[in-house]
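Protein chains: 2
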Amino acid sequence: MLRPEHHLRSPPATTPASLRSSISFLGSRRLFCLPRAAPPLRGKMSSAVRAPEPELAHREVARKLAYHAEARLGARLLPSAVPAEVAEFRNGAGNAVGSLDVRRGSPGSTIDFMLQSSLHCKVPNGAIDITSLLLFLNASTDAPHFLMELIQGNPTSIVVILDLLPRKDLALHPEYLEKYYENTQLDKQREKIEELPQARPYRSQSLFVRSACSPTAILVSIDCGQGGGSIMDEVVRGQLATAAKELLQIWLDTCADHTSKMEEGEREYMIKRDQIVRSKSIEVDLTSNLPRMFDPDVSSRVIAEIRKAFGVQEV
Amino acid sequence: MLRPEHHLRSPPATTPASLRSSISFLGSRRLFCLPRAAPPLRGKMSSAVRAPEPELAHREVARKLAYHAEARLGARLLPSAVPAEVAEFRNGAGNAVGSLDVRRGSPGSTIDFMLQSSLHCKVPNGAIDITSLLLFLNASTDAPHFLMELIQGNPTSIVVILDLLPRKDLALHPEYLEKYYENTQLDKQREKIEELPQARPYRSQSLFVRSACSPTAILVSIDCGQGGGSIMDEVVRGQLATAAKELLQIWLDTCADHTSKMEEGEREYMIKRDQIVRSKSIEVDLTSNLPRMFDPDVSSRVIAEIRKAFGVQEV
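Protein sequences appear in the order of chains A and B.
Per our numbering, the very first residue in the first sequence carries number 1; after that it's consecutive.
Per our numbering, the very first residue in the second sequence carries number 1001; after that it's consecutive.
What follows is the structure, given as structure tokens:
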């Protein structure tokens, strides 16, 4: 996923620069990287990590979106097939807990998978919370994937990555751009979020991530300033939730049911492109960061499940 | 070219909303559109339009860049082949003057063409000045094109579009992205300009334009506020000129001499992509706007020369 690594340059007051790692898919080197000098402890779980992840406005928004997608997709989603030790995983050091759920699409549907993940990592002055919702389509269609990532470094600031990820070269396919991005007026949602006084553009340090996103992607950092926790909650439950719902609705209406007539060469081309985007995401991100937060056996299991969902092998 | 049409929403104080049109290549609907109710007068040229275009800092910067490119490319550029009536053209109404120069690449070189254009259009409270420098490569290479457009709506604000235009799908070709954009550290130039206190991101309304640009494109509006004319001059001759020189130097060193081994299918694909980007630029921009500024015979001749340079036919 996409990481707000520019926070490294100007970390929010309540987020120590030392605490950093993420489970994030359209990766861009490290946003949050755990200090090399302080590797996670390994051993028995402490009682502290058994506490459930805290309820955050952004997590509630993501959960509601996921429910909505599940309700609409119905039997097109198979039951979750994630082993229990990956469905919820913890760090022996007692500072991190995560969850992962993957539901594959049923045979004959356009759905490849729906992936939800959540990560909570305690740090000296607070916590980092990352929530992701991915709805990826298979090769029966060239319609865009849905991707949302919400990365909250402290109670008053959040990075938002919200996009319908294109599966074609948009400069070569103006008709694709018109169909999925112009006719759906996706850009209005981006504008609404960028017009928020608390929002500023978020530019991934990874040029690959920037290239993979659509020109209507919502890529912003929302910062409500010290003491702005209640404003943040309002923005997240208000404008952000609305934009995310709109994007999901557009995706459900325009992309999720849509099979595409393609020539075989065209389909092969799209599959190759999809594979590169998926592999690159995992390579630059998860494989370098997750082992720094979780015990090796835990991170290996989690990465293996994500690879399985993405349909990409280790290189 | 690319147009700062968002000025339409918040036009600078000294730029009347009624004056608008451009000769701009990676077009994005109208930035400046002449009012339909006041078409250009046709007839004898007034003495006013015989005045030369005013000397502006941004025009001087563009001219120096062009000299530098010409000096470096030497015999790889053929002499200018633009007819005199297109090399300089004027509006019968006496409010606009433009110039166009195109030098084709010599046979066997990688250069397709070098295009310089300049437009000066008087308006009730001032003038609009647009300057472009394009260095496009032919199909012997897949290296990016160089594109610079500077659009000055009044003495204190300018829109800058400065990019090495990719010729491949960057999400499908991470090695291309690495070679031309990461290894060359192009993003540092973008950062330097975006860090200017007077700069804010410029987002084209055209999703196609956004898709055609690279992730390191400098797309900013620089606004120095009322009375900031001298600051604008400093910024244009200082940081902007430096960034533009750096980009041109990178292009000259990394792209201009570079022929590429490509499979035939790959080359065909690139040519098709190039043609779409070129056609789309002309279609959404010049053909709809130039006739609103210049007499039909003048605008037709200018557009025909640009089509010839771009190698695209009227559709």
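Here a beta-carbon is modelled for each residue, glycine too, at the ideal position from N, C-alpha and C.
- For GLY1105(B), the three-state secondary structure derived from DSSP is strand.
- Contact between SER221(A) and ASP163(A) is absent: CB atoms are separated by about 15 Å, not below the 8 Å threshold.
- Those residues of the stretch 193 to 222 of chain A placed with their C-beta closer than 7 Å to a C-beta in chain B are PRO201, LEU207, PHE208, ARG210, SER211, ALA212, PRO215, THR216, ordered along the chain.
- When secondary structure is reduced to three states using DSSP, ARG167(A) falls in the coil class, being assigned neither helix nor strand.
- For the pair GLU178(A) and LEU1207(B), the Cα-to-Cα distance works out to about 9 Å.
- For GLU175(A), the uninterrupted alpha helix (DSSP H) segment begins and ends at 174 to 177.
- The residue among ILE1303(B), GLN1205(B), LYS1188(B) with its C-alpha nearest the C-alpha of GLU1246(B) is LYS1188(B).
- Annotated as distal: SER1080(B) and VAL1097(B), with beta-carbon spacing of 8 Å or more.
- GLY1126(B) is not a Cβ neighbour of ASN1095(B), given a cutoff of 8 Å.
- Between the beta-carbon of SER1099(B) and that of GLU1085(B) there is about 11 Å, and that puts the pair past the 8 Å contact cut.
- For the pair PHE294(A) and ILE158(A), the Cα-to-Cα distance works out to about 23 Å.
- In the structure shown, GLU1266(B) falls within a helical segment according to DSSP collapsed to helix, strand and coil.
- In chain order, ALA1171 make up the part of chain B whose C-beta sits under 8 Å from the C-beta of VAL277(A).
- Straight-line measurement puts the Cα of GLU305(A) at about 36 Å from the Cα of GLY1265(B).
- The DSSP-derived three-state label of ALA96(A) is strand.
- Contact holds between the stretch 127 to 136 of chain A and the stretch 55 to 72 of chain A, because three or more Cβ pairs, one in each stretch, are under 8 Å apart.
- Residue-level contact check: LEU100(A) does not touch chain B, since none of the beta carbons of chain B fall below 8 Å from its beta carbon.
- THR1110(B) counts as buried, since no fewer than 16 other beta carbons sit within 10 angstroms of its beta carbon.
- Taking 8 Å as the cut-off between beta carbons, the residues of the stretch 1178 to 1192 of chain B near chain A are TYR1181, GLU1182, ASP1187, in sequence order.
- Not flagged as an interface residue toward chain A: ARG1104(B), since no C-beta distance is shorter than 8 Å.
- For ASP253(A), the uninterrupted alpha helix (DSSP H) run begins and ends at 241 to 254, by DSSP.
- Less than 8 Å divides the Cβ of PHE1113(B) from the Cβ of PHE1136(B).
- Among the bridge pairs identified by DSSP, PHE113(A) is matched with ARG104(A), PHE136(A).
- Chain B has a Cβ within less than 8 Å of the Cβ of ARG273(A).
- The stretch 1167 to 1187 of chain B makes contact with the stretch 1246 to 1259 of chain B: 3 or more CB pairs, one atom from each, lie closer than 8 Å.
- If only uninterrupted alpha helix (DSSP H) runs of at least 4 residues are considered, those enclosed by the stretch 1180 to 1238 of chain B are 1186 to 1194, 1207 to 1212, 1229 to 1235.
- Residue-level contact by beta carbon fails for PRO1144(B) and chain A, as no gap is shorter than 8 Å.
- Non-local C-beta neighbours of ARG1278(B) in its own chain, meaning closer than 6 Å and more than five positions away in sequence, comprise PHE1310, VAL1312, ordered along the chain.
- Annotation: Cβ neighbours of PRO1174(B) in chain A (cutoff 8 Å, chain order): PHE208, ILE276, LYS280.
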